[in-house]
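Undergrad: Taking UniProt numbering, I'd label the letters of the sequence shown as residues 1 to 196.
By construction, the Cβ of each residue, glycine as well, lies at the ideal position given by its N, Cα and C atoms.
In this text the structure is predicted, and so the values were computed from the model without any measurement.
My questions will all concern the structure given below.
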Amino acid sequence: MLNIKRCAHARHEIVGVVTEVGKKVEKFKVGDKVGVGCLVNSCRSCQSCSNDLENYCPKQILTYGFPDVDGPLTCGGYSDHMVADERFVLSWPVNLPLDSGAPLLCAGITTYSPLRHFGLDKPSMKVGVVGLGGLGHVAVKFAKAFGAEVTVFSTTPAKKKEALGGLKADHFIVSKYPEQMQLHFVIDVAKLLKAP
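Dropping the structure here:
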């Protein structure tokens, strides 16, 4: 187990410095910069866990509001310190500031995981991203980094310049034209305005 002092971003985008390590910890030492995403544990025996897909484990333990293995609810980044199993702790790149990289632990994995899971991490794929908010921005960046042709769908015409210029998306669609809806995959990160 690792004792990590949180220094930025509450809840589940936890970054900080290791302040203490347990006797069996092998990957980290005191003083290491680390991050913890939305998971702190899983069953480690189901099919998802066996395939390194703990984020799909039906018995996952999230970083906040879930009963931990020893009983109390997890407090995530709302606490000053946290204890985490090293399997769910990530080494932090030296050149990445803790505060600016922390969103990758949520928006990053939320968009990266389906791109990898569905085999869309290859050049020449056509990927659509619905919504250009926080998640949408990250989805476009990952898809472009994988070499995909990216189409952004948004209800806000003013986001076209940002999508095509700043994020380097290939296409921008405001309305749904059937001939432009030929994609391999769509990541929908638009906010649900009203429950069905």
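Per DSSP, which one or two residues make a beta bridge with Asn41?
TA: Ile61
Undergrad: Rounded to whole angstroms, what's the CA-CA distance from Phe28 to Leu39? Just pull it up for me.
TA: 18 Å
Undergrad: Taking C-alpha atoms, which residue in Gly101, Ile61 and Ile109 lies nearest to Gly71?
TA: Ile61
Undergrad: Does the beta-carbon of Thr155 have 16 or more other beta-carbons within 10 angstroms, so that it is buried, or is it exposed?
TA: exposed
Undergrad: List the residues that DSSP assigns as beta-bridge partners of Cys46.
TA: According to DSSP, Cys46 bridges with nothing at all.
Undergrad: For His9, does the count of other Cβ atoms within 10 angstroms reach 16, so buried, or fall short, so exposed?
TA: Note that His9 has pLDDT 38, beneath the 50 cutoff, so the model's placement of it is unreliable and the number below is only indicative. Result: buried.
Undergrad: Suppose contacts are defined by Cβ-Cβ distances below 7 Å. Is Val129 in contact with Ile187 by that definition?
TA: yes
Undergrad: Between which two residues does the beta strand (DSSP E) containing Gly35 stretch?
TA: Under the DSSP assignment, Gly35 falls in the beta strand (DSSP E) whose first and last residues are Lys33 to Val36.
Undergrad: Could you give the DSSP three-state label for Asp99: helix, strand or coil?
TA: helix
Undergrad: Can you find at least 3 beta carbon pairs, one from the stretch 89-102 and one from the stretch 110-130, that sit closer than 8 Å?
TA: no
Undergrad: Taking buried to mean at least 16 other C-beta atoms within 10 Å of its own C-beta, is Val36 buried or exposed?
TA: buried
Undergrad: My understanding is that Lys59 touches Ser42, with C-beta atoms under 8 Å, so please give their C-beta distance in whole angstroms.
TA: 6 Å
Undergrad: Please return the same chain residues whose Cβ sits closer than 8 Å to the Cβ of Thr151, not counting the five positions on each side in sequence.
TA: For Thr151, where only same-chain residues beyond five positions count, the Cβ hits under 8 Å are Lys126, Val127, Gly128, Val129, Ala169, Asp170, His171, Phe172, Ile173, Gln180 and Leu183.
Undergrad: For a test of the three-state rule: what should DSSP assign to Val138, helix, strand or coil?
TA: helix
Undergrad: Taking Cβ positions, are Glu13 and Ala102 nearer each other than 7 Å?
TA: yes
Undergrad: Which residues in the same chain as Cys57 place their Cβ atom closer than 7 Å to its Cβ, once the five residues preceding and following it in sequence are excluded?
TA: Ser42, Cys43, Cys46, Ser48 and Cys49
Undergrad: Measuring CB to CB, does Lys160 end up less than 7 Å from Leu132?
TA: no
Undergrad: Could one say the Cβ of Pro103 lies closer than 7 Å to chain D's Cβ atoms, at least one of them?
TA: Among the chains of the structure shown, chain D does not appear; only one protein chain is present.
Undergrad: Here's a check: name, in chain order, each residue in its chain whose Cβ is nearer than 6 Å to the Cβ of Ala148, leaving out the five neighbours to either side.
TA: Met125 and Val127
Undergrad: Identify whether Lys29 lies in helix, strand or coil by the three-state DSSP scheme.
TA: coil
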